[in-house]
Amino acid sequence: MNKSSALPLLVIVDDEPEILVAIKRCLMRLDIQIESFTSPRLAKEFLAQNEPDIILSDQRMPDISGIELLTFSQSLWPNTKRIMLSAYQDFGDISAGFNGKIIEHFIAKPWNNVELQTLIHDNISQTQATNSSIRLRNAIVGESKAMMSLMDNVGKAAGANVPVFIHGETGTGKELIARACHELGCRRNGAFIAVNCANFSEALIESQLFGHKKGAFTGAVNDQEGIFSKGEGGTIFLDEITTLPLSLQSKLLRVIQERTYSMLGSLEEIAFDAQVVSASSTSLAYAVTSGEFREDLFYRLNVIPLHIPPVRERDSDVLLLAEHFLLKFNSEQNKNITSFDESAKELLISHQWPGNVRQLENLIHSACIMNDGKSLSSKMLEDLITDAKVPMENIESTANTAHTVAGDAEVMPLHQVEKENIERAIAKCEGNVNKAAALLEVNPSTLYRKIKSWTD
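Numbering (the numbering used here), first residue to last: 2 to 457.
Structure follows, in structure tokens:
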């Protein structure tokens with residue numbers, strides 16, 4: 002498909018030039034790309050190379066009738082909306098066109114401008130939503146009951162245009178679901194801007210979000226546009242939102258409430274117009290009770306909560322996901338691996354996948370690189386499975402220290418209580434930090450950071 006712009010494409014065909022001018026004038030306020038033709042043969046040549054969202058055709062034209070042109074368009078682009086506009090009531094042809102699903106709408110000349118505008122607008126919206134849904138289904142693999150329920154909720158959430166919060170363990174695909182909310186929403190034509198709040202320091206994330214003026218801080222040699230500006234009219238995805246410093250949480254709350262913000266180093270209020278989708282592997286409720294997240298911001302962001310099930314709760318999806326990744330990486334690596342043997346399938350289904358979809362994807366990627374032949378066996382996969390674990394001797398050592406401290410005093414410092422609880426959770430999960438993080442409802446990176454601090 003070729004389009005000269007990202008706008009929805011409308012093709013108009015009528016052998017009377019003044020009719021084309023009148024139709025384009027009628028539709029000039031719609032944000033669409035229009036290609037018009039007085040020659041149905043030229044229109045046919047254009048359609049052979051370009052997929053329109055809508056084709057609007059006259060019926061009685063030289064050489065090729067409107068029915069013939071719409072039939073040609075249907076054969077190439079079945080998802081295109083097809084509208085007949087004619088001054089003649091050719092009931093036989095029009096009836097046959099409707100019965101054969103060649104014509105989807107008919108408007109008589111002279112037309113009503115409001116009727117035509119509404120019809121084109123509604124069909125464009127419907128086509129875009131359908132195309133977004135198709136892209137979404139192709140991108141998100143799963144047929145389990147949990148995923149079907151999630152997808153239904155995503156469709157409802159996307160149309161609401163209110164803040165959405167996505168909760169899911171690390172590796173479950175939170176950004177993919179956030180992008181789905183964008184693709185199915187009313188801001189799909191705007192930008193989708195994703196930022197992981199855990200990847201930036203407090204000073205840097207503030208500049209990244211709000212932008213800054215020249216001289217706002219040391220090193221600010223130029224004005225810098227922020228994410229809120231780049232996401233104008235689209236969707237801003239704030240991943241790992243619970244890691245956002247409390248000082249910035251208050252500023253984010255103000256942005257969501259007042260729909261304005263100011264760049265660093267400026268007092269000018271800038272209007273904010275974007276959908277906010279946030280996510281975390283830690284539940285917002287837990288972050289609030291632990292004092293890491295503002296309660297008032299929790300209520301602003303958690304208007305529509307979406308929960309992504311971990312892979313271990315999607316038994317029927319594991320093989321679907323594995324086969325999807327096998328097809329992808331087999332092609333990328335120019336291999337001839339087309340299947341899993343029975344032992345590999347049993348392993349894939351029985352494994353707990355603490356790293357979720359990301360771990361499964363990485364495993365299949367590695368297996369395609371490291372192996373040849375036509376199928377993958379359980380032995381090939383077992384050699385590559387790497388569930389992140391902390392050495393048990395480190396856990397036992399720090400746990401013994403914690404118990405000694407507990408025995409010497411009736412009350413331990415809060416940080417020591419936290420340390421002992423983390424160690425107990427990791428030990429319970431046999432050293433698997435990802436599982437321990439899920440048990441404690443925190444980000445795995447938080448546990449790794451704390452463990453590292455104990456040994457520094």
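The C-beta atom is built at its ideal place from N, Cα and C for all residues, glycine as well.
Since the model is a prediction, treat every value here as computed from it, not as a measurement.
Cβ neighbour criterion (16 or more within 10 Å) applied to residue i
| i | result |
| --- | --- |
| Ala-44 | buried |
| Ser-281 | buried |
| Lys-420 | buried |
| Gly-460 | Lying outside 2 to 457, the shown extent of the chain, residue 460 is not represented and no answer is given. |
| Glu-144 | exposed |
| Val-22 | exposed |
| Lys-453 | exposed |
| Lys-231 | exposed |
| Glu-347 | exposed |
| Leu-322 | buried |
| Arg-1 | Residue coverage of the chain in this structure runs from 2 to 457, which leaves residue 1 outside it and unanswerable. |
| Leu-302 | buried |
| Thr-236 | buried |
| Glu-158 | One detail in the question is off: residue 158 reads as Ala in this sequence, not Glu. Result: buried. |
| Ser-5 | Reliability of the predicted coordinates at Ser-5 is poor, the pLDDT of 42 falling under 50, and no value is obtained from them. |
| Ala-88 | exposed |
| Thr-119 | exposed |
Cα-Cα separation between residue i and residue j, rounded to whole angstroms
| i | j | result |
| --- | --- | --- |
| Ser-251 | Leu-245 | 10 Å |
| Asn-331 | Cys-369 | 6 Å |
| Val-12 | Asn-190 | 20 Å |
| Met-264 | His-308 | 33 Å |
| Lys-451 | Gln-417 | 12 Å |
| Ser-291 | Leu-448 | 15 Å |
| Pro-310 | Leu-268 | 43 Å |
| His-213 | Lys-329 | 41 Å |
| Ala-438 | Val-358 | 17 Å |
| Leu-377 | Glu-176 | 29 Å |
| Glu-207 | Leu-249 | 7 Å |
| Gly-156 | Cys-182 | 7 Å |
| Asp-15 | Pro-111 | 13 Å |
| Pro-41 | Leu-31 | 24 Å |
| Thr-402 | Met-381 | With a pLDDT of only 47 at Thr-402, under the threshold of 50, the placement of this residue in the model should not be trusted; the figure read from the coordinates follows. If you take the alpha carbons of Thr-402 and Met-381, they lie about 41 Å apart. |
| Asp-153 | Ala-179 | 14 Å |
| Arg-425 | Glu-293 | 22 Å |
| His-325 | Glu-116 | 45 Å |
| Asn-372 | Lys-336 | 9 Å |
| Met-149 | Ala-204 | 40 Å |
| Leu-71 | Ile-103 | 6 Å |
| Lys-429 | Ser-367 | 29 Å |
| Met-85 | Gln-276 | 37 Å |
| Leu-8 | Ile-33 | 5 Å |
| Ala-288 | Arg-295 | 8 Å |
| Leu-327 | Ser-340 | 8 Å |
| Phe-99 | Glu-17 | 24 Å |
| Val-256 | Phe-218 | 22 Å |
Residues that residue i bridges to, as DSSP identifies them
| i | result |
| --- | --- |
| Phe-458 | This structure cannot settle anything about residue 458, because the visible part of the chain is limited to 2 through 457. |
| Tyr-262 | Ile-271 |
| Ala-428 | Ala-428 is not bridged to any residue. |
| Pro-306 | Phe-166 |
| Leu-11 | Ile-35, Ile-55 |
| His-106 | Ile-84 |
| Thr-236 | Phe-193, Gln-276 |
| Ser-281 | His-168 |
| Ser-376 | Ser-340 |
| Gln-118 | Note: Gln-118 sits in no beta bridge, so no partner. |
| Gln-225 | His-213 |
Contacts around residue i, its chain only, beta-carbon distance under 8 Å, and the 5 residues preceding and following it disregarded
| i | result |
| --- | --- |
| Ile-350 | Asp-316, Val-319, Leu-320 |
| Gly-160 | Leu-185, Gly-186, Cys-187 |
| Asn-422 | Leu-441 |
| Glu-226 | Gly-212 |
| Glu-36 | Leu-10, Leu-11, Val-12, Ile-13, Phe-47, Asn-51, Pro-53 |
| Leu-364 | Leu-382, Leu-385, Ile-386 |
Sequence-distant residues of the same chain with beta carbon closer than 7 Å to residue i, five excluded per side
| i | result |
| --- | --- |
| Thr-460 | The shown model of the chain, from 2 to 457, leaves out residue 460, and the question about it has no answer. |
| Ser-74 | Leu-48, Ile-56, Thr-81, Arg-83 |
| Ser-66 | Gln-60 |
| Cys-198 | Ile-206, Leu-239, Asp-240, Glu-241, Ile-242, Thr-244, Leu-245 |
| Val-443 | Thr-283 |
| Val-312 | Val-319, Trp-354, Asn-357, Val-358, Leu-361 |
| Ile-121 | Leu-11, Leu-28, Leu-31, Ile-55 |
| Ile-228 | Ile-194, Val-196, Gln-209, Leu-210, Ile-237 |
| Leu-298 | Gln-250, Leu-253, Leu-254 |
Own chain partners of residue i with C-beta closer than 6 Å, once the 5 adjacent residues on each side are dropped
| i | result |
| --- | --- |
| Ile-55 | Leu-11, Lys-82, Asn-124 |
| Asn-223 | Lys-215 |
| Thr-304 | Correcting the residue type first, residue 304 is Val in the shown sequence and not Thr. Counting only Cβ-Cβ distances below 6 Å, and skipping sequence neighbours, we find Val-163, Pro-164. |
| Gly-174 | Val-358 |
| Ala-195 | Glu-176, Phe-238 |
Any non-hydrogen atom of the ligand ZN closer than 8 Å to residue i Cβ
| i | result |
| --- | --- |
| Met-381 | The ligand ZN is absent from the structure shown, which contains no ligands of any kind. |
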